[in-house]
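Colleague: By the count of our numbering, the sequence shown reaches residue 515 at its end, each step adding exactly one.
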Amino acid sequence: MKESKQTDSYAHILKYTGLFGSMQGLSILVGIIRTKLVALILGPDGVGLMSLFNSTIRLLGDTSQLGLPVSGVRKISYAYEHNDQESLAHHIKLLRSWGLVTGIVGMILCVALSPLLNSWTFNWGNHTLHFMLLAPIVALSTITGGELAILKGTRRLRPLALISLFQVALALIISVPLFLLWQQAAIIPSLLLVALSQMLLTIGYSYRYHPLRLSLQPDFLTQGNSTIRLGIAFMLAAMMGSGAEFIIRLFLNTRGNLDDVGLYNAGFMMTMTYAGMVFTALETDYFPRLSAIGNDTKQQNRLINRQIEVSLLLLAPMLIAFLAGMPIILPLLYSSKFLPALGMVQPAVLAMYLRALTLPLCYVPLARGDSSTYLIVEGLSAVAIIVAVGFGFTHWGLTGAGFGILMAGLADFFVLTSVAFRRYGYRMNRSNIGYTIFHFLLLLCTYAVATTTQDWTYWAAGFIFFLISAAFSWRILRQKTGDTSPTP
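As structure tokens, then:
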């Protein structure tokens with residue numbers, strides 16, 4: 028029985044990592060088309076301007092949501108796992124009610140802070156009105172986040188995968204024609220219309236399974252205090268993460284120029300977003316299952332190790348191909364104007380590999396309801412990336428910023444593994460240690476080739492490293508899904 032469960036577990040992780048990875052891949056393909064067109068139409072300065080607006084809205088959205096889209100998943104997932112329909116309906120109603128309240132508050136906050144946001148963000152022009160016009164996006168994204176939390180908690184995995192694809196498609200259909208017509212003047216209208224369409228799409232799926240029920244009575248809202256407390260910790264952590272990216276972009280804009288912001292944003296998107304499609308299953312499928320385990324350390328370690336194992340084996344060959352093909356991929360996705368970001372992207376790809384090790388551990392404090400530990404760890408992470416990227420950019424430009432991302436990733440790895448080991452009893456199994464070392468050495472070899480060789484030697488070596496990594500991963504994954512012997 029135990030052996031069968033192991034095979035089912037590996038099969039489940041692979042199935043839904045594959046489902047969300049493939050959907051994310053399609054989403055990225057559509058997003059690539061949009062990004063390419065936007066980059067060609069707006070150029071680096073237009074991409075930088077849109078990045079500043081997006082960073083600001085994301086920061087305000089993270090603040091106003093009180094972390095409810097994540098903390099709400101924990102309660103809903105537990106009720107769903109134990110088939111408690113009354114509790115499930117109660118927590119869904121509670122989450123939606125709080126989502127409406129926080130969305131309205133966030134919109135008002137954005138309007139009130141618009142003059143300050145303008146002075147903090149820009150050292151040229153007056154963009155106060157632009158920030159005021161962006162305020163509804165905060166409310167729309169808050170409602171969208173709440174409905175996505177409901178779908179995640181109730182394991183509506185296929186609708187979630189479709190939503191992620193359709194959201195990107197809507198962004199393409201809406202924004203590109205507007206940019207063609209009005210160039211940079213279309214940034215604000217496109218952001219508003221995209222946020223509205225994504226909210227309507229999400230509630231269309233969510234309301235089908237769970238009809239809308241709300242209550243704004245104070246007595247009812249206070250029943251969500253425990254969820255709010257955990258959510259506030261997540262909110263503060265998300266604020267620190269969004270704030271860190273906001274500060275980095277402000278620093279690049281003031282220390283460098285808007286082109287540097289656009290190039291940094293392109294490099295960041297290339298690594299953290301495009302190469303990170305394997306991670307989309309973590310929040311959607313892995314976190315609800317981890318929350319349902321509770322405080323069972325043995326089951327926790329088994330689930331974490333399997334998730335890390337699958338993530339590593341799937342991601343490593345992709346990153347090697349990504350790193351080797353970057354001189355072609357970067358101008359293909361953006362334009363030749365963005366080639367100066369190449370030196371930043373190459374070391375940042377190595378940071379993505381470390382993220383496969385650390386991201387599953389990030390969810391453990393949340394699943395345990397340990398808000399203070401989560402907050403401390405995320406705070407250290409935010410400080411690390413600000414300091415490392417700032418130092419790197421000051422001394423070595425965008426290439427230094429890329430190495431800063433890598434150094435911050437190393438710091439995250441050591442902090443998270445230490446915390447998970449001491450506080451939650453996590454132990455990485457021997458096979459994962461071996462896989463980690465093997466693939467990281469291959470990545471380092473690929474990086475060395477990418478930065479020191481040219482012509483056919485470059486492509487031949489990159490192709491060989493990719494084949495070695497892919498063959499190794501394929502063999503191990505075949506064994507894990509077909510072999511029913513227990514994991515040591």
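Even glycine gets a Cβ: it sits at the ideal position worked out from N, Cα and C.
Just so it is clear, the structure is predicted and the values come from calculations on it, not from any experiment.
For Lys521, collect the residues of the same chain with a Cβ closer than 6 Å to its Cβ; drop the 5 residues on either side in sequence, then sort them by chain order.
Modeller: In the structure displayed, the chain extends from 28 to 515; residue 521 sits before or after that span and is not available.
Colleague: For Gly180, which of Phe158, Thr508 and His109 has the nearest alpha-carbon?
Modeller: Locating residue 180 in the sequence shown gives position 153, counting from the first residue. Answer by Cα proximity: His109.
Colleague: Exposed or buried, which one is Lys325 when buried takes at least 16 other CB atoms within 10 Å?
Modeller: Here residue 325 is taken as the residue at index 298 of the sequence shown, counted from 1. Exposed, because fewer than 16 other Cβ atoms sit within 10 Å of the Cβ of Lys325.
Colleague: Using CA coordinates, which residue listed in Leu469, Gly396, Pro387 and Leu121 is at the minimum distance from Thr249?
Modeller: Within the sequence shown, numbered from 1, the residue matching residue 249 stands at position 222. Residue Leu121 is the option with its Cα nearest to Thr249.
Colleague: Spatial neighbours of Glu174 within its chain, please: C-beta separation below 7 Å, excluding the five flanking residues on both sides.
Modeller: Looking up residue 174 in the sequence shown gives position 147. Closer than 7 Å at Cβ, skipping near neighbours: Thr229, Ile230 and Ser233.
Colleague: For Met296, which three-state DSSP category applies?
Modeller: Against the sequence shown, residue 296 aligns to sequence position 269. Note: Met296 maps to helix in three-state DSSP.
Colleague: For Pro374, I'd like the list of residues in its chain whose CB is within less than 6 Å of its CB, leaving aside the five on either flank, ordered along the chain.
Modeller: Walking along the sequence shown from the start, residue 374 turns up at place 347. So the list reads Gly429, Phe430 and Leu433, once near-sequence residues are dropped.
Colleague: For Lys520, report the span of its alpha helix (DSSP H) as first-last.
Modeller: Absent from the model: residue 520. The displayed extent of the chain is 28 to 515, so no value can be given.
Colleague: Run through DSSP, which three-state label would Met159 get?
Modeller: Counting from one through the sequence shown, the residue named residue 159 turns up at place 132. Met159: helix per DSSP, three-state reduction.
Colleague: Whose C-beta lies closer than 8 Å to the C-beta of Ile259 among residues of the same chain, with five residues either side of it excluded?
Modeller: On the sequence shown, residue 259 is found 232 positions in, with the first residue counted as 1. Residues of the same chain with a CB within less than 8 Å of the CB of Ile259, apart from the 5 flanking positions on each side, are Leu93, Gly94 and Ser398 in chain order.
Colleague: Between which two residues does the alpha helix (DSSP H) harbouring Pro186 extend?
Modeller: The residue you call residue 186 lines up with position 159 of the sequence shown. Pro186 -> alpha helix (DSSP H) spans Leu184 to Trp209.
Colleague: Buried or exposed for Asn459, going by 16 or more other Cβ atoms inside 10 Å?
Modeller: Locating residue 459 in the sequence shown gives position 432, where the first residue counts as 1. Classification of Asn459: buried, given that the 10 Å Cβ count is 16 or more.
Colleague: Should Glu405 be labelled buried (16 or more other beta-carbon atoms within 10 Å of its own) or exposed?
Modeller: One-based indexing of the sequence shown puts residue 405 at position 378. Result: buried.
Colleague: Identify, in the order they occur along the chain, each residue of the same chain with its Cβ nearer than 6 Å to the Cβ of Phe278, setting aside the five sequence neighbours on each side.
Modeller: Start at 1 with the first residue of the sequence shown, and residue 278 comes out as number 251. For Phe278, where only same-chain residues beyond five positions count, the Cβ hits under 6 Å are Gly417.
Colleague: Would you kindly report the start and end of the unbroken alpha helix (DSSP H) that includes Met262?
Modeller: Residue numbering aside, residue 262 sits at position 235 when the sequence shown is read from its first letter. Looking at the DSSP string, the run of the alpha helix (DSSP H) that includes Met262 is Asn252 to Arg282.
Colleague: Give me the Cα-Cα distance between Gly452 and Leu437, rounded to the nearest whole angstrom.
Modeller: Stepping through the sequence shown from its first residue, residue 452 is reached at position 425. Stepping through the sequence shown from its first residue, residue 437 is reached at position 410. Going from the Cα of Gly452 to the Cα of Leu437 covers about 21 Å.
Colleague: On the criterion of 16 or more Cβ atoms from any shown chain inside 10 Å, does Ala271 qualify as buried, or is it exposed?
Modeller: Stepping through the sequence shown from its first residue, residue 271 is reached at position 244. With 16 or more other Cβ atoms within 10 Å, it is buried.
Colleague: Identify the continuous alpha helix (DSSP H) that holds Ala411 and give its terminal residues.
Modeller: Sequence index remark: in the sequence shown, residue 411 carries index 384 (1-based). Note, Ala411: alpha helix (DSSP H), Ser398 to Tyr451.
Colleague: If contacts are defined as beta-carbon pairs under 8 Å, then Ala488 and Thr480 qualify, I think. What distance do you get, rounded to the angstrom?
Modeller: In the sequence shown, the residue the question calls residue 488 occupies position 461. In the sequence shown, the residue the question calls residue 480 occupies position 453. Yes, they are in contact, since the Cβ atoms of Ala488 and Thr480 sit about 7 Å apart, within 8 Å.
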